[in-house]
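Student:
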Amino acid sequence: MTLYTRLLLACLLCVSATSRAAAQSKSAPSDKFRQLEEELPTPNDYRTASGAPGNRYWQQRADYSIDAELDDATRRITAKEAVTYYNNSPDALNYLWLQLDQNLFEPGSEANTTRAAPSFTPTPEPGDEYTESRRIPYATLDRLLASETFQGGHRVTAVRDAKGNPLRFTIVRTMMRIDLPAPLAPGANTTFSVEWNYLINDAKQLGGRSGYEFFPRDGNYIYEIAQWFPRMAAYNDVSGWQHKQFLGSGEFTLEFGNYRVRLTVPDDHVVAATGVLQNPQEVLTAQQRQRLKQAETAREPVFIITPQEAKQNESSKPKGKKTWVFQAENVRDFAFASSRKFIWDAQGYNVEGNRVMAMSLSPAEGEPLWSKYSTHAIMHTLNVYSRYSFAYPYPVAQSINGPVGGMEYPMICFNGPRPEPDGTYTARIKYGLISVVIHEVGHNYFPMIVNSDERQWTWMDEGLNTFLQYLAEQEWETNYPSRRGEPQNIAEYMASEAQVPIMTNSESVLQFGNNAYGKPATALNILRETVLGREQFDFAFREYARRWKFKRPMPADFFHTMEDASGVDLDWFWRGWFYTTDHVDIAIEGVRLYALDTRDPEVDKAAQRKERESRPQTLSQQRNAPLPKRVDEFPTLKDFYNTYDEFAVTERDREEYQKFLQTLTPRERELLKSGMNFYVVEFKNIGGLVMPLILRVDYADGTNEEMRIPAEIWRYDNFNVSKLIITKKEIASITLDPHLETADTDLSNNGFPRRPVKSRFQLYKERVRPNPMQREQQKQQPEAPGKP
Ligand SMILES: [Zn+2]
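So this is what it looks like as structure tokens:
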């Protein structure tokens, strides 16, 4: 609504003063710009207030030497590991905690016993009022029953010290405590060994971040093996020993170290793993080794095992076993894949001087999609991510197709999308594959190298990674159909009811994908494009990645670094986007025009007359107009006021105007004649999130102008603000958030004047189903002959 008001210049000052009314009242306290100090831990020598590791920062280290055998007949892993644990903390440790993640699959695991009932939602058929069918998918029932019978879980058969003496150990759900004979002093290290075995889960049936897939067509398996060895739980300055049990959603809190792993598998299997293969002469053919050499400098991916060769291998029978040896330096985990079904392609890729081998392994079921896109997507990821964070430091990066939909490990990841059996595919599958490869390879940066605590904070790796995934997707092709990153894509979630703040523990997050992936990724995109600008954001984000590379950052370290390196206080942004469930819905409530009186009677009185004449005649005035009037019947009743024209300019008016002008200074006279219009635009914060105001002003003369007002405009009043636009032009319309960059959930209140929100709908006919009597009658009347 516009309110046309005329007033004196002096009064304008009053208007801008009243718009500064403070909202920090006793009745309605709101302080969305309050500093986060009360929420964040006190900085110390381990983690500074600037967000960098402190001068006494420390982290533990664990080196592993593992010998494992994969039995294809029983689908069991049997293994032994020697762990050397370095206590770099300032604390003496009486015991060590390890993670036994396979215990997730024990029938009585916490994950199984605390699983809520599936939703038996009634889904009545349209038009059917007799039955109320309740449905759950076959796969859900299959998984529920299998999880109660599958004998999964780590069977630990021995724990010994370096001399072979047994060590006392206690298993607590998905964790194992080893009691040390003497405390492990600060700076000391200890070596111990563990022997164990476990049954591999059917990942297609039971789900999981690893497992096997059976192919009935050729009777073969693909194994994607992870969370497979007892891993050192993290011990750190924030949580002590990591003690959040593995429930399935919260991923892993791990230490860096070096790995030497010997994997014994059927001799016709091909193995891909974290690290570099140490014995290619023993496990690869001369031709495969020669192709690998050629791939190092190739300009396109080269087949190490061609689709035809992989097809032949499907009918192979093993003659014995082979042991593949891998070495990996400075990684926080180790995973591998094994099968006789694999097609294998590779290409060397130079990341700022580091020659990386990008490789993909997939079965025939992945063709023709996998050999076309997977390795290209790996190299593209290394290129984009390295520019926004740090150069990829590892020697290989691999993408494997198997039963797992998408899961990341150092130097290797598992990705699920496949075409139809006939080799055709939808656009969704094609872009789904490219996106998941980018995402999972991207996880090498967050959290495999920037080692955030996934068990506590899913957003720190998924959110940051999904943000970079979006940047990489948009550099793949123009208008790449990214699911997450664009502000408008998160708007519906932001306005939804059942949700928790981003700063919620991984196991308690509702709407996981939106909360931990989509919302933080979008928040960072908005921070980059709308709040900080690309240059400042990119500098700060890179600083964060480099500061915490191969270290363990916490949320405060990210928040602090982004402010410290950009020079901008972002506490309002973290508070709103990460600590609340507020959403963005800002409305233009109204626009008022204050036109400046010239004090020149010739001008002002003419304007007043125009305004008077433009007022609408009321209904009564219209109907009363033709009625005979008494003063017309008796003209003598008329006097001065019956002809007086209040808008006529008198000589006296002109004199007074001249006198008034004499009292003004030249500058005041200039202001008076400026001819400016004063538009006051009023905004209301409906969603709760304070955000910058992005305005496009369209003028009546066809020109337009864009205004970008920082979020700090809300600092005195978090819910109502007004902005003064001074212009000689007439404003025709104003649009808030014209480039859809703030995730505003309701665009219908973003325009002045209001415009209809466009959408389309279709008419449809309700299907009428026959009632049981009609169905019975239809059965008794066979269809007329000749009817198709
Ligand atoms: Zn992820």
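Under the numbering used here, the sequence shown has 573 at position 580, and the numbering climbs by one with no breaks.
From the three backbone atoms N, C-alpha and C, an ideal C-beta is built for every residue, glycine too.
#1: Pull up the DSSP beta-bridge partners for E74, would you.
#2: Relative to the alpha-carbon of E705, which residue among S232, V524, D557 and D578 has its alpha-carbon at the smallest distance?
#3: What is the DSSP secondary structure of K423, reduced to helix, strand or coil?
#4: Looking at ligand 1, does it come within less than 7 Å of H436, judged from the CB to the closest heavy atom?
#5: When the Cβ atoms of the region 324 to 336 are set against those of the region 301 to 311, are three or more pairs found closer than 8 Å?
#6: Cutting at 8 Å between CB atoms, please list the residues of its own chain near A693, excluding the five before and the five after it.
#7: Would you call the region 389 to 402 and the region 260 to 272 touching, i.e. three or more CB-CB distances under 8 Å?
#8: Please report the distance separating the alpha-carbon of F653 from that of V584.
#9: Can you look up N81 in the DSSP assignment and give me helix, strand or coil?
#10: Counting C-beta neighbours from all protein chains within 10 Å, is the total for L285 16 or more, i.e. buried, or is it exposed?
#11: Tell me whether E466 counts as near ligand 1, meaning its Cβ is closer than 7 Å to at least one heavy atom of that ligand.
#12: Quick one: give me the first and last residue of the alpha helix (DSSP H) that P174 is part of.
#13: Given a threshold of 16 other Cβ atoms within 10 Å of its Cβ, counted over all protein chains shown, does H432 qualify as buried or as exposed?
#14: Would you list the one or two residues that DSSP bridges to M352?
#15: Smallest Cα separation from D575: which of Q601, I495, L586 and E74?
#16: Is the beta carbon of E217 within less than 7 Å of some heavy atom of ligand 1?
#17: Give me the DSSP bridge partner(s) of Y537.
#18: Start and end of the alpha helix (DSSP H) containing F565?
#19: Compare the beta carbon distance of P746 and I687 with 8 Å and say whether it is the shorter of the two.
#20: In the DSSP output, what is Q320 paired with across the bridge?
#21: Going by the C-beta, is E734 closer than 7 Å to any heavy atom of ligand 1?
#22: Nearest to P403 by CA position, among P749, Q220, D195 and Y637, is which residue?
#23: Can you give me the C-alpha to C-alpha distance between Q28 and D578, rounded to a whole angstrom?
#24: I'd like to check one pair, F460 with N518: are the Cβ atoms closer than 8 Å?
#25: For the region 504 to 513 against the region 479 to 487, do three or more pairs of beta-carbon atoms, one drawn from each stretch, fall closer than 8 Å, so that the two count as touching?
#26: Which same chain residues end up closer than 8 Å to M669 when comparing Cβ atoms and leaving out the 5 residues on each side of it in sequence?
#27: Is any heavy atom of ligand 1 found at a distance shorter than 7 Å from the C-beta of H553?
#28: Per DSSP, D154 is paired with what?
#29: Is E401 near ligand 1, going by C-beta to nearest heavy atom under 7 Å?
#30: Between Q144 and Q198, what straight-line distance do the alpha-carbon atoms span, to the nearest angstrom?
#31: In whole angstroms, what is the alpha-carbon distance linking S741 and I581?
#32: Rounding to the nearest angstrom, what Cα-Cα distance links F552 and G44 in this structure?
#33: Please report the distance separating the alpha-carbon of T451 from that of V276.
Tutor: In short, the structure shows the following:
#1: As DSSP reads the structure, E74 sits in a beta bridge with I59 and V187.
#2: Taking only the C-alpha atoms, the option nearest E705 is V524.
#3: Reduced to three states, the DSSP call for K423 is helix.
#4: At least one heavy atom of ligand 1 is nearer than 7 Å to the Cβ of H436, so yes.
#5: Counting C-beta pairs closer than 8 Å gives three or more between the region 324 to 336 and the region 301 to 311, which meets the contact rule.
#6: Hits under 8 Å: K722, E723, I724 and A725.
#7: Short answer: they touch.
#8: It is roughly 32 Å from the alpha-carbon of F653 to the alpha-carbon of V584.
#9: It is coil, neither helix nor strand.
#10: Under this definition L285 is a buried residue.
#11: No, the beta carbon of E466 sits no closer than 7 Å to any heavy atom of ligand 1.
#12: Unbroken run through P174 is the beta strand (DSSP E), M168 to L177; no alpha helix (DSSP H).
#13: Burial check for H432: the Cβ neighbour count within 10 Å reaches 16 or more, so the residue is buried.
#14: For M352, which the question treats as bridged, DSSP gives the partners A339 and Q391.
#15: Nearest option by C-alpha distance: I495.
#16: The answer is no for E217.
#17: The partner list for Y537 (beta bridge, DSSP) is empty, contrary to what the question assumes.
#18: The question names Phe, but residue 565 is Trp in the sequence shown. Residues D564 to F571.
#19: For P746 and I687, no; Cβs fall outside 8 Å.
#20: According to the DSSP secondary-structure assignment, Q320 is paired through a beta bridge with R253 and V269.
#21: No, Cβ of E734 sits at least 7 Å from all heavy atoms of ligand 1.
#22: Nearest of P749, Q220, D195 and Y637 to P403, Cα basis: Q220.
#23: Looking at the backbone, the Cα of Q28 and that of D578 are separated by about 23 Å.
#24: It is a contact, given that the beta carbons lie within the stated cut-off.
#25: Output reads yes: the region 479 to 487 touches the region 504 to 513.
#26: Apart from the 5 residues on each side of it in sequence, M669 sits with its Cβ closer than 8 Å to the Cβ of L589, I719, T720 and K721 in its chain, given in chain order.
#27: Of the heavy atoms belonging to ligand 1, none sits nearer than 7 Å to the Cβ of H553.
#28: Answer by DSSP bridge pairing, in chain order: F185.
#29: Yes - ligand 1 has a heavy atom lying nearer than 7 Å to the Cβ of E401.
#30: Each residue's alpha carbon lies about 14 Å from the other.
#31: In this structure, the straight-line span from the alpha carbon of S741 to that of I581 is close to 10 Å.
#32: Those two C-alpha atoms are separated by around 7 Å.
#33: Their Cα atoms are separated by approximately 38 Å.
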